[in-house]
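Student:
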Amino acid sequence: MPPTPPIVLSNAFYAFYDLLRPAYYAYAETRLAPEEAQVAVSHLFDLVAANWTTIVSEPCPTAWAWNRHTRSVARRSGRILTPTQDVSLLHDRLLLTTDQIATITGAETATITALLAAAHREGRPATRPARFAPPAPRPTTHPMAFSRVSRPSSTGHSAPECLVG
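Okay, here's the thing in C-alpha cells:
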C-alpha cells in the first residue's frame, strides 16, 4: 500500500488555529488538568486538519469545532455543561467579551447575550467580581483577531455571522 501523501493545509487553517487555539485551551484548562487540556486541544485540531476541506464547507466551521471541543472536554471531565454554563465560564472566568465568545463558539452575538443574561438570572457566575470591586481587565487582542464574516444564504438573506476559512 503506498504511503498517504502529506496534507497540505491552507493559510486559512493556520489562521483558524491561531485564532481559536488559545481560547479553546483556556476553556479546556478550566475543566481539565493542564496536560489533559493540551491533549484535548491537540486532538481537536488534528481532527480539524484531517477534515479541513469538509469543515470549511460547513455553514459555520467555528460552531463545528466548538461543538466537538465541548463534547471532548465533557467526556474527559465527566461533566456536561449547558450552553449557558459554557458561556458564563467564558465570560466570567476567562473574561472574554460577548463578541469574542461569539467568534470562538460560532454563535450569534445576540445568542451569547441571551445566554449570559440567563446565567446571571440563575446566579451562576460565582467567579464574578464583587459588585463594588473594580472590574478585572479584559485581555487585549489585535482588533482584527476577532473579525467576523457574513455569508449570504440561499434565500438571499445574510446568514449568521461566522468565522470562515
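Okay, so the sequence shown: first residue is 47 according to the numbering used here, each after it adds one. Glycine included, every Cβ here is placed at the ideal spot set by N, Cα and C. These numbers were taken from a predicted model, which means no experiment stands behind them.
Does the beta-carbon distance from L140 to Y71 come in below 8 Å?
Tutor: Indexing the sequence shown from 1 puts residue 140 at position 94. Indexing the sequence shown from 1 puts residue 71 at position 25. Cβ atoms of L140 and Y71: not closer than 8 Å.
Student: Could you tell me the distance, in whole angstroms, from the CA atom of A164 to the CA atom of T130?
Tutor: Taking the first residue of the sequence shown as 1, we reach residue 164 at position 118. Taking the first residue of the sequence shown as 1, we reach residue 130 at position 84. When rounded, the distance between both Cα atoms is 7 Å.
Student: Going by other Cβ atoms of all chains shown within 10 Å of its Cβ, with 16 needed for buried, is R77 buried or exposed?
Tutor: For this step, residue 77 is matched to residue 31 along the sequence shown. Answer is buried; the Cβ neighbour count reaches 16.
Student: Please return the same chain residues whose Cβ sits closer than 6 Å to the Cβ of E75, not counting the five positions on each side in sequence.
Tutor: What you label residue 75 is simply residue 29 of the sequence shown in a count that begins at 1. Only A83 meet the Cβ criterion.
Student: Considering D64, what are the terminal residues of the alpha helix (DSSP H) in which it resides?
Tutor: The residue given as residue 64 occupies position 18 in the sequence shown. Counting along the chain, the alpha helix (DSSP H) containing D64 begins and ends at N57 to R77.
Student: Quick one: residues in its chain with C-beta nearer than 6 Å to the C-beta of W110, no 5 flanking neighbours on either side, listed in chain order?
Tutor: Counting from 1 along the sequence shown, the entry for residue 110 is found at position 64. I101 and E104.
Student: Output the distance between the C-alpha atoms of P171 and L142, rounded to the nearest integer angstrom.
Tutor: Position 125 of the sequence shown holds residue 171. Position 96 of the sequence shown holds residue 142. In this prediction, P171 has a pLDDT of 47, which is less than 50 and means its spatial position is unreliable; what the coordinates show is noted afterwards. Looking at the two C-alpha atoms, the distance is approximately 14 Å.
Student: What does the Cβ neighbour count give for D145, buried or exposed, with the cut at 16 atoms within 10 Å?
Tutor: To locate residue 145, count along the sequence shown from 1; it is residue 99. Exposed, because fewer than 16 other Cβ atoms sit within 10 Å of the Cβ of D145.
Student: With a cut-off of 8 Å on the beta carbons, I'd call W98 and G152 a contact; round off their distance for me.
Tutor: Taking the first residue of the sequence shown as position 1, residue 98 is located at position 52. Taking the first residue of the sequence shown as position 1, residue 152 is located at position 106. Wrong, their Cβ atoms sit about 16 Å apart, outside the cutoff.
Student: Sort A58, R67 and A95 by Cα distance to I150 and report the nearest one.
Tutor: The residue given as residue 150 occupies position 104 in the sequence shown. For I150, the nearest C-alpha among the options comes from R67.
Student: Between A212 and the rest of its own chain, which residues show a CB-CB distance below 7 Å, the 5 nearest in sequence each way excluded?
Tutor: Because the chain spans 47 through 211 in this model, residue 212 falls outside it and cannot be assessed.
Student: At which residues does the alpha helix (DSSP H) containing S88 begin and terminate?
Tutor: Locating residue 88 in the sequence shown gives position 42, counting from the first residue. That run of the alpha helix (DSSP H) goes P80 to A96.
Student: Under the assumption that S118 contacts L90 (Cβ atoms under 8 Å), give the Cβ distance between them as a whole number of angstroms.
Tutor: Position 72 of the sequence shown, counting from 1, holds the residue named residue 118. Position 44 of the sequence shown, counting from 1, holds the residue named residue 90. With a Cβ gap of about 6 Å, S118 and L90 count as contacting.
Student: Locate the alpha helix (DSSP H) running through T157, then write down its first and last residues.
Tutor: The sequence position of residue 157 within the sequence shown is 111, counting from 1. That run of the alpha helix (DSSP H) goes T155 to R167.
Student: A61: which of R121, E81 and A95 sits nearest, CA to CA?
Tutor: Numbered from 1 along the sequence shown, position 15 holds the residue referred to as residue 61. The candidate whose alpha carbon is nearest that of A61 is A95.
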